[in-house]
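Numbering (our numbering), first residue to last: 662 to 787. Heads up, the thing below is written out as structure tokens.
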């Protein structure tokens, strides 16, 4: 993103607007060949100078569908804590060990049976 486009994004934020990709693309087209003056104005070759605030207001009036308000932003992942907590609980529940039955113990022998008996005993103790 060029410096002018960054300036436009910051100015839109300052005005309480959120420019989408189409608005930024149009700003890049409109500002092709433009430069920033020492007074903070945008100098458009052959057309004069305009302040960033006026440019954003003009862009918004031409493309209102490409701007949203900062208040209308969707909630971030951090704000959606309930969903995260629900998934954590679901994962913890799925990690519980399956029940070992007497039939399972009867099918195995050796070291596998020892481990199953340990788990079976621990599960009974709970």
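Note that CB positions come from ideal geometry on N, CA and C, so glycine has one too. Keep in mind the model is a prediction, meaning the values are calculated, not measured.
Hey, out of the options, whose CA is closest to residue i's CA?
i: residue 696; options: 725, 664, 729; result: 664
i: residue 699; options: 692, 710, 715, 689; result: 710
i: residue 682; options: 676, 720, 764, 775; result: 720
Taking residue i as part of the beta strand (DSSP E), name the residues at either end of that continuous run.
i: residue 679; result: 678–680
i: residue 727; result: From DSSP, residue 727 is part of no beta strand (DSSP E); its letter is neither H nor E.
i: residue 709; result: 709–711
By the three-class DSSP mapping on this structure, what secondary structure does residue i have?
i: residue 755; result: helix
i: residue 702; result: coil
i: residue 741; result: In this predicted model, residue 741 has a pLDDT of only 48, less than 50, meaning its place in the structure is not dependable; the value taken from the coordinates is given anyway. Note: residue 741 maps to coil in three-state DSSP.
i: residue 697; result: strand
How far does the alpha helix (DSSP H) with residue i in it extend, from its first residue to its last?
i: residue 669; result: 664–675
i: residue 768; result: 763–768
Answer with buried or exposed for residue i, where buried requires no fewer than 16 other C-beta atoms within 10 angstroms of its C-beta.
i: residue 647; result: Lying outside 662 to 787, the shown extent of the chain, residue 647 is not represented and no answer is given.
i: residue 672; result: buried
i: residue 688; result: buried
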